[in-house]
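Taken in order, these protein sequences are the chains called R and Y. Taking the numbering used here, I'd label the letters of the first sequence as residues 144 to 302. Taking the numbering used here, I'd label the letters of the second sequence as residues 1026 to 1201. Structure first, then comments.
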Amino acid sequence: MVAFEALYRRHSSRVHAICLRLTADRLRAEEAVQDVFVRLWERLGSFRGESAFSSWLHRLAINTVLQTMRSTRRREARVMTSDDAELEDAPIRALAVEERIDLEDAIARLPQQVRTVVVLHDIEGFTHEEIALMMSVPPGTIRSQLSRARKTLSQWLER
Amino acid sequence: MTHLTDELLDRAADGDTLAEADAEHLRACADCQANVERLRALRGRLASLPQTVPTEGDLWPKVHGAIRARRRRRLVFTSSVALALAAALLIAVVRIGNGPDAVPSGVETSAELAELKAVVPPVVVEAMAANLTIYDAALRELEAFAASERDNSDVQQRIEELRRKRAALLRLASNS
């Protein structure tokens, strides 16, 4: 367990950054970090060394958060009939005229699906196709959501 | 003049190749060029955000606690499965205990099994070898866990229980 604690100490801040940006919620991010490391403990034996350990762990963190989001969404929004419809319909709240925000705040204010796309593409560096697979939506949807996210972020940040 | 769509501006900012007509428009249009630059600047800012964000408190105790809880659940499962398998094998031993089959080569010849060989048919020895392997694997796992959980009386009790059942199984097999 000492070795695993060392592993946790080494990687937890990075995993937390991913979870925090994807969830935009401190408590949910901390829960996600715990889930990620419990899963890591269970799955360490399945790491084959085919990719860098850190890349494998980051992918595990992203999958953990996306899985939780999907479960929550299924519980909370059973009326939605497809992920596409959900992506297209997600509302983006306008800022008040006097409101000024920094980049991290702006990302956190994006709707969940749009935020996920911008975090995975522009911060974590995944391709449209990789994100499409992770989120089970067509690559074209990812591209249009990314465009929407960037336009919104630009408008908010230029105030 | 029709400007590039948001998606085309994004593609340009990402460095994707545009259709010739779109590329030509971009070369000639200061507004679209400014938009592409704005998007590139945003991408640059996003890409340079910190890669690490420390948690506010130390989460390790919670992570450690969650892992220990999982281990306990798994150990209970392992020892339960061991007991269930042993019970199932024992039934088989009792049912076929008088069979004429010979012991196949490679069967473990521990002192306990050697003693058994003298008093029960080979097929019972074979079944007991399988039983003891299951018990011993569960015991090894529990003992390793106990080494890191010295104050955990539940684990010690479970070890004792497993040892008692192992001994009882051996006695039962000897009398079969």
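Idealized CB from N, CA, C, for every residue including glycine. Just so we're clear, the structure is a prediction, and the values are computed from it rather than from any experiment.
| query | In chain R, what lies closer than 7 Å to Y:GLN1076 by C-beta? | reply | By Cβ distance, chain R contributes ARG157, ALA160.
| query | Beta-carbon separation of Y:GLU1137 and Y:LEU1157 under 8 Å? | reply | yes
| field | Proximity test, Cβ basis, 8 Å: Y:ILE1092 and chain R | value | yes
| field | Interface partners of Y:GLU1032 on chain R, CB under 8 Å | value | Among the residues of chain R, those whose CB is under 8 Å from the CB of Y:GLU1032 are ARG286, SER287, SER290, following chain order.
| field | Proximal chain R residues relative to Y:ASP1056, where beta-carbon distance stays under 9 Å | value | Result: empty, since nearest Cβ-Cβ is about 14 Å, beyond 9 Å.
| Got a sec, what are the start and stop residues for the alpha helix (DSSP H) R:THR284 sits in? | 282-300
| query | Is the region 257-265 of chain R in contact with the region 279-289 of chain R, if contact means three or more CB pairs nearer than 8 Å? | reply | yes
| chain R within 8 Å of Y:ALA1171, Cβ atoms only | no
| request: Tell whether a beta-carbon distance below 8 Å holds between R:LEU300 and R:ALA249. | output: Contact: yes.
| task | Could you list the residues in the region 185-201 of chain R with a C-beta less than 8 Å from some C-beta on chain Y, going in chain order? | result | GLU185
| said: Quick check on DSSP: helix, strand or coil for Y:ARG1041? | reply: Going by the sequence as given, residue 1041 of chain Y is Asp instead of Arg. It is coil, neither helix nor strand.
| field | Cut-off 8 Å between Cβ atoms - residues of its own chain near R:TRP184, not counting five sequence neighbours on either side | value | PHE147
| task | Could you tell me which chain R residues have their CB closer than 7 Å to the CB of Y:THR1080, listed as they occur along the chain? | result | SER155, HIS159, GLU173, VAL176
| said: Please report the distance separating the alpha-carbon of Y:ASP1041 from that of Y:TRP1085. | reply: 44 Å
| message | Tell me the residue span of the alpha helix (DSSP H) that contains R:ILE266. | response | That residue, R:ILE266, is in no alpha helix (DSSP H); it is neither H nor E in DSSP.
| I think Y:LEU1074 touches R:LEU296, with their Cβ atoms under 8 Å apart; what is that distance to the nearest whole Å? | For Y:LEU1074 against R:LEU296, the beta-carbon gap comes to about 12 Å, at or over 8 Å, which does not count as contact.
| query | Are the region 1042-1061 of chain Y and the region 150-157 of chain R in contact at 8 Å, needing three or more beta carbon pairs? | reply | no
| task | Would you check if the distance between the CB atom of R:ILE311 and the CB atom of R:ARG164 is smaller than 8 Å? | result | Residue 311 of chain R is absent from the model: chain R starts at 144 and stops at 302.
| said: Please report whether the beta-carbon of R:ASP248 lies at a distance below 8 Å from any beta-carbon of chain Y. | reply: no
| query | Are the C-beta atoms of R:VAL181 and some chain Y residue less than 8 Å apart? | reply | By this cut-off, R:VAL181 is an interface position.
| task | Can you grab the Cα-Cα spacing for the pair Y:ALA1171 / R:LEU187, in whole Å? | result | 22 Å
| task | Return the residue from the list Y:LEU1167, Y:ASP1179, Y:VAL1149, Y:GLU1168 that minimises the CA-CA distance to Y:LEU1194. | result | Y:VAL1149
| said: For R:SER214, would you say it is in contact with chain Y, using Cβ-to-Cβ distances shorter than 8 Å as the test? | reply: No - not a single Cβ of chain Y is within 8 Å of the one on R:SER214.
| task | Determine the burial state of Y:THR1030: buried for a count of at least 16 other Cβ atoms within 10 Å of its Cβ, exposed for fewer. | result | exposed
| said: Quick check on DSSP: helix, strand or coil for Y:ALA1192? | reply: For Y:ALA1192, the secondary structure class from DSSP, reduced to helix, strand or coil, is helix.
| message | Please report the straight-line C-alpha distance between R:VAL181 and R:LEU246, rounded to a whole angstrom. | response | 31 Å
| Per-residue DSSP class, three states only, for Y:PRO1075 | Note: Y:PRO1075 maps to coil in three-state DSSP.
| query | Mapping DSSP to helix, strand and coil, what is Y:ASP1047? | reply | helix
| task | State the CB to CB distance for the pair R:ALA160 and Y:VAL1088, rounded to an integer number of angstroms; the pair is presumed to be in contact (CB under 8 Å). | result | Between Y:VAL1088 and R:ALA160 the Cβ distance is about 17 Å, and since that is not below 8 Å, they are no contact.
| request: Residues of the region 269-280 of chain R with a CB closer than 9 Å to any CB of chain Y: list them in chain order, please. | output: Legend: CB atoms of the region 269-280 of chain R lying less than 9 Å from CB atoms of chain Y are not found in any residue.
| field | R:GLY254 versus R:ALA167 - alpha carbon distance | value | Sequence inspection shows Pro at residue 254 of chain R; the Gly mentioned does not correspond to that position. Rounded to the nearest angstrom, the two C-alpha atoms are 10 Å apart.
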